[in-house]
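**Q** Please see the structure below; I have some questions.
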């Protein structure tokens, strides 16, 4: 059989897939993304070029007819996401999505047993959710769809739901403002699962976070299902510790490093140091405003006023937050508008840089020049506390603060 040891992912559009990166970190290096049109599928599968394949939209059902045998999970779910070619040259179909979902839920401490579970969406991902919920002993499982008996117009009938799972693309990049349902409308809700992993905190999950609910995005599921597929491919067990290590690595690469703090606290300098350390793209919201407006921030303030500037800032923050793997440097007053928090937190870990007021530079900063820094800090301190994940002192060498941020990001990006 030619191409022995070769593996890949088949689908129609794979431009944003993390599969090759994930499988490479698990040691499956000869892994490729293979985009196929529907009419190419049959001939490709019959070529016997690959020992193992992962399958994504829209072929999880279509590949089943080419399988000599299906695993119990694949048969019951009615979808295949992993193909393994046996020594006899035949294809064997598996479904590791259910394992991945179970891993993510257990990791978040979300129990399905004896719970009422609402699954938003009726597509292939929904089948996996329903299969796992029933196997886990859920008391009741209801699928919410646009046109079904249980739909978005009669959600109040299911206000007693305890677990909410989003299996729709609502809230996915590049349209992160979407919300399948507000967890606050379910007073008995204990846990929220979103199969989306970009952004890592959808609006659905941010609402769950505000309510103090247990929650998970889809990245742990994605990584765990890949590990289960690689076990099938290689015959070698992958321990949980390795799954967690790969998850941290992927999350660290995806997450934005967001810097907030008083004007003159060193955000721009430390942002540049972090760019040099990590090779990440640097997105400075103030610099982006200046570039688009063609004039300096003091000129914008003088000509248009603060309200006009804050509207420009919101747009720059939204654009910055939609990206991933960036360093985002914000203006000192970004925390004054609560609407900036969500786009910064979607894919970001927010670091609050603190520096002694006497060391803050006022040059080129209209509000710092015009006001009392002590009063400004007193006003903004609770806002910084609201936004931040981590406080970082920038009282010594800026390199030390940059290293502290990088180390924290590496150690704490698993969730």
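Residue numbers (the working numbering): 5 to 419.
From the three backbone atoms N, C-alpha and C, an ideal C-beta is built for every residue, glycine too.
Every value quoted in this text rests on a predicted model; they were computed, and no experiment measured them.
For a quick check, are the C-beta atoms of residue 287 and residue 314 less than 7 Å apart?
**A** As a position in the chain shown, residue 287 is number 283, starting the count at 1. As a position in the chain shown, residue 314 is number 310, starting the count at 1. No.
**Q** Among residues of its own chain, excluding the 5 on either side of residue 360, which ones have a beta-carbon nearer than 8 Å to its beta-carbon?
**A** As a first step, residue 360 must be located in the chain shown, where it is residue number 356. Contacts found: 399.
**Q** Can you tell me which of 132, 121, 333 puts its alpha carbon nearest to the alpha carbon of residue 148?
**A** For the purposes of this step, residue 148 is taken as residue 144 along the chain shown, with counting starting at 1. Residue 121 is the option with its Cα nearest to residue 148.
**Q** According to the neighbour-count rule (16 or more other Cβ atoms, all chains shown, within 10 Å of its Cβ), is residue 169 buried or exposed?
**A** For this step, residue 169 is matched to residue 165 along the chain shown. The residue is buried, with at least 16 neighbouring Cβ atoms inside 10 Å.
**Q** Drop a sphere of 10 angstroms on the beta-carbon of residue 347, count the other beta-carbons inside from all chains shown, and report buried for 16 or more, exposed for fewer.
**A** Counted from its first residue, the chain shown places residue 347 at position 343. Residue 347 is buried by the Cβ-count criterion.
**Q** Measure how close the beta-carbons of residue 266 and residue 364 come, nearest whole angstrom, since I'm counting them as under 8 Å.
**A** Locating residue 266 in the chain shown gives position 262, counting from the first residue. Locating residue 364 in the chain shown gives position 360, counting from the first residue. Yes, residue 266 and residue 364 are in contact; Cβ-Cβ is about 6 Å, under 8 Å.
**Q** Of all the beta strand (DSSP E) runs that stay within the bounds of the segment 19 to 77, which reach a length of 3 or more residues?
**A** Listed in chain order, they are 35 to 39, 56 to 59.
**Q** Going by beta carbon distance, what residues of the same chain come within less than 7 Å of residue 420, once the five residues before and after it are set aside?
**A** Past the boundaries of the shown model lies residue 420; the chain is included only from 5 to 419, so the question cannot be answered.
**Q** On a Cα-Cα basis, can you pick out the residue from 232, 210, 308, 273 that is closest to residue 345?
**A** In the chain shown, residue 345 corresponds to position 341, counting from 1. Per the Cα distances, 210.
**Q** Inspect the beta-carbon positions of residue 397 and residue 358 and report whether they are closer than 7 Å.
**A** The sequence position of residue 397 within the chain shown is 393, counting from 1. The sequence position of residue 358 within the chain shown is 354, counting from 1. Between residue 397 and residue 358, the C-beta gap is smaller than 7 Å, which places the two residues in contact.
**Q** Express the C-alpha separation of residue 145 and residue 335 in angstroms, rounding to a whole number.
**A** Within the chain shown, numbered from 1, the residue matching residue 335 stands at position 331. Within the chain shown, numbered from 1, the residue matching residue 145 stands at position 141. Each residue's Cα considered, the two are about 46 Å apart.
**Q** My understanding is that residue 100 touches residue 188, with C-beta atoms under 8 Å, so please give their C-beta distance in whole angstroms.
**A** Counting from 1 along the chain shown, the entry for residue 100 is found at position 96. Counting from 1 along the chain shown, the entry for residue 188 is found at position 184. Wrong, their Cβ atoms sit about 33 Å apart, outside the cutoff.
**Q** Nearest-angstrom Cα distance between residue 126 and residue 134?
**A** The count along the chain shown starts at 1 and reaches residue 126 at position 122. The count along the chain shown starts at 1 and reaches residue 134 at position 130. For residue 126 and residue 134, the distance between alpha carbons rounds to 10 Å.
**Q** According to the neighbour-count rule (16 or more other Cβ atoms, all chains shown, within 10 Å of its Cβ), is residue 401 buried or exposed?
**A** Walking along the chain shown from the start, residue 401 turns up at place 397. Classification for residue 401: exposed.
**Q** Specify whether the segment 15 to 32 and the segment 45 to 52 touch according to this definition: at least 3 beta carbon pairs, one from each stretch, less than 8 Å apart.
**A** no
**Q** For the beta strand (DSSP E) holding residue 198, just list the boundary residues, first then last.
**A** For this step, residue 198 is matched to residue 194 along the chain shown. Segment 195 to 198, the beta strand (DSSP E) holding residue 198.
**Q** Could you check the C-alpha separation between residue 19 and residue 41 for me, to the nearest Å?
**A** Your numbering for residue 19 matches position 15 in the chain shown. Your numbering for residue 41 matches position 37 in the chain shown. One C-alpha to the other measures close to 14 Å.
**Q** With DSSP collapsed to three states, give me the class of residue 88.
**A** Taking the first residue of the chain shown as position 1, residue 88 is located at position 84. The answer is strand: DSSP assigns residue 88 an E or B state.
**Q** For residue 222 versus residue 199, is the C-beta spacing smaller than 7 Å?
**A** Within the chain shown, residue 222 is the residue found at index 218, counting from 1. Within the chain shown, residue 199 is the residue found at index 195, counting from 1. Cβ distance < 7 Å, so residue 222 and residue 199 count as in contact.
**Q** Is the number of C-beta pairs between the segment 66 to 75 and the segment 93 to 108 that are closer than 8 Å three or more?
**A** In this structure the segment 66 to 75 touches the segment 93 to 108; the number of beta carbon pairs closer than 8 Å is three or more.
**Q** Buried or exposed, going by whether 16 or more other CB atoms sit within 10 Å of the CB of residue 153?
**A** Here residue 153 refers to the residue found at position 149 when the chain shown is read from its first residue. It is exposed - the Cβ of residue 153 has fewer than 16 other Cβ atoms within 10 Å.
**Q** Over what stretch of residues does the beta strand (DSSP E) that includes residue 4 continue unbroken?
**A** Because the chain is modelled from 5 through 419, residue 4 falls outside the range shown and cannot be assessed.
**Q** Which term fits residue 91, buried or exposed, when burial requires 16 or more other beta carbons within 10 angstroms of its beta carbon?
**A** Counting from 1 along the chain shown, the entry for residue 91 is found at position 87. When all chains shown are included, residue 91 counts as exposed.
**Q** Do residue 104 and residue 212 have their CB atoms nearer than 7 Å?
**A** Position 100 of the chain shown holds residue 104. Position 208 of the chain shown holds residue 212. Taking a C-beta distance under 7 Å as the contact criterion, residue 104 and residue 212 do not qualify as a contact pair.
**Q** Let's test the definition: count the other Cβ atoms within 10 Å of the Cβ of residue 69 and tell me whether it reaches 16, buried, or not, exposed.
**A** As a first step, residue 69 must be located in the chain shown, where it is residue number 65. Residue 69 comes out exposed.
**Q** Would DSSP call residue 397 helix, strand or coil?
**A** For the purposes of this step, residue 397 is identified with residue 393 of the chain shown, where counting begins at 1. In the structure shown, residue 397 sits in a strand (DSSP, three-state: E or B).
**Q** Within the continuous alpha helix (DSSP H) that includes residue 280, where are the two ends?
**A** Translated into positions along the chain shown, residue 280 becomes position 276. Run containing residue 280: 271 to 282, per the alpha helix (DSSP H) assignment.
**Q** Rank 82, 327, 341 by C-alpha distance to the C-alpha of residue 312 and give the top, closest one.
**A** In the chain shown, counting from the first residue as 1, residue 312 sits at position 308. Here the closest residue by C-alpha is 341.
**Q** Cutting at 8 Å between CB atoms, please list the residues of its own chain near residue 6, excluding the five before and the five after it.
**A** Along the chain shown, read from residue 1 onward, the residue named residue 6 stands at position 2. Any reading at residue 6 needs caution, since the residue's pLDDT is 33, under 50, leaving its predicted position unreliable; the model's value is listed next. If we look at residue 6 and ignore the five residues flanking it on each side, its Cβ neighbours are 52, 53.
**Q** Going by the beta-carbon positions, is the gap between residue 420 and residue 321 smaller than 7 Å?
**A** Nothing about residue 420 can be read from this structure; the chain reaches only from 5 to 419.
**Q** Does DSSP classify residue 10 as helix, strand or coil?
**A** Counting from 1 along the chain shown, the entry for residue 10 is found at position 6. In the structure shown, residue 10 sits in coil (DSSP, three-state: anything other than H, G, I, E or B).
**Q** Could you please give the first and the last residue of the uninterrupted alpha helix (DSSP H) stretch that includes residue 304?
**A** Position 300 of the chain shown holds residue 304. From DSSP, the alpha helix (DSSP H) with residue 304 extends over 301 to 308.
**Q** What is the DSSP secondary structure of residue 114, reduced to helix, strand or coil?
**A** Within the chain shown, the letter at position 110 stands for residue 114. Looking at residue 114 - three-state DSSP - the assignment turns out to be coil, as it is neither helix nor strand.
**Q** Could you check what DSSP says for residue 287 in three-state terms: helix, strand or coil?
**A** If you number the chain shown from 1, residue 287 lands on position 283. Strand.
**Q** Can you tell me which of the three DSSP states residue 149 falls into?
**A** Here residue 149 refers to the residue found at position 145 of the chain shown. Three-state result, residue 149: strand.
**Q** List the residues that DSSP assigns as beta-bridge partners of residue 120.
**A** Position 116 of the chain shown, counted from the first residue, corresponds to residue 120. Per DSSP, 144.
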